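Below is one structure; the comments refer to it alone.
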């Protein structure tokens, strides 16, 4: 599913707990990281938020995701949201040759451009088979099919 988060956000004020699980790229990470992740998933049934900073998904991001997936092992399915952390209105406007002052861009043009950008980023995510694997279930073919 494709979710857009922006600030300010009423959703973030609901008291969401965030647990950071660093170290998945380390070949010699301690077993405690994997154990903690297993315990968290068993107790809380969380939705994991996988942050990546480039819409093309770097090999480092792919490796980190695969390490997390491996750490989860054969546990039951866990929902995962993918969050591209380097998307903002100014960079989207620049990518699509729009004026980077929101006051100068008609709302319908920006909304159409934003939809196109979301679809493009989503297609890049789908191209990484490792990210759209059977562990996560079938991902929709387009942003329009997302139900959240």
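Residue numbers (full-length UniProt numbering): 1 to 148. In this text, a Cβ means the ideal position worked out from N, Cα and C, and glycines have one as well. Since the structure is predicted, the reported quantities are computational estimates derived from the model, not experimental observations.
Cβ contact (3+ pairs, closer than 8 Å) linking the segment 65-81 and the segment 42-56: With the cut-off at 8 Å, the segment 65-81 and the segment 42-56 touch.
Check: residue 115 C-beta below 7 Å from any heavy atom of the ligand FMN: Of the ligands one can find in the structure shown there are none, so the ligand FMN has no counterpart to examine.
Length of the line joining the Cα atoms of residue 40 and residue 145: Start at 1 with the first residue of the chain shown, and residue 40 comes out as number 40. Start at 1 with the first residue of the chain shown, and residue 145 comes out as number 145. Going from the Cα of residue 40 to the Cα of residue 145 covers about 30 Å.
Proximity winner among 124, 125, 103, 91, relative to residue 114 (alpha-carbon distances): Locating residue 114 in the chain shown gives position 114, counting from the first residue. The shortest Cα separation from residue 114 among 124, 125, 103, 91 belongs to 91.
CB contact flag (residue 100, residue 94, <8 Å): Position 100 of the chain shown, counted from the start, is the residue given in the question as residue 100. Position 94 of the chain shown, counted from the start, is the residue given in the question as residue 94. In this structure, residue 100 lies near residue 94, with their beta-carbon atoms less than 8 Å apart.
With 16 other Cβ atoms within 10 Å as the buried cut-off, status of residue 34: Here residue 34 refers to the residue found at position 34 of the chain shown. Buried, because 16 or more other Cβ atoms sit within 10 Å of the Cβ of residue 34.
Start and end residues, beta strand (DSSP E) containing residue 112: Reading the chain shown from its first residue, position 112 is the one you call residue 112. No beta strand (DSSP E) holds residue 112; the alpha helix (DSSP H) holding it covers 107-127.
Nearest neighbour of residue 109, chosen from 119, 118, 98 [CA to CA]: One-based indexing of the chain shown puts residue 109 at position 109. Taking each of 119, 118, 98 in turn and checking the Cα distance to residue 109, the smallest one comes out for 98.
Chain-order list of residues whose beta-carbon lies under 6 Å from that of residue 38 (same chain, five-residue window excluded): Within the chain shown, the letter at position 38 stands for residue 38. The same chain holds no residue with a CB closer than 6 Å to that of residue 38 once the five nearest residues on each side in sequence are set aside.
Residue 98 (DSSP reduced to helix, strand or coil): Here residue 98 refers to the residue found at position 98 when the chain shown is read from its first residue. Three-state result, residue 98: coil.
Sheet register partners of residue 50 (DSSP bridge): For the purposes of this step, residue 50 is taken as residue 50 along the chain shown, with counting starting at 1. Note: residue 50 sits in a beta bridge opposite 82.
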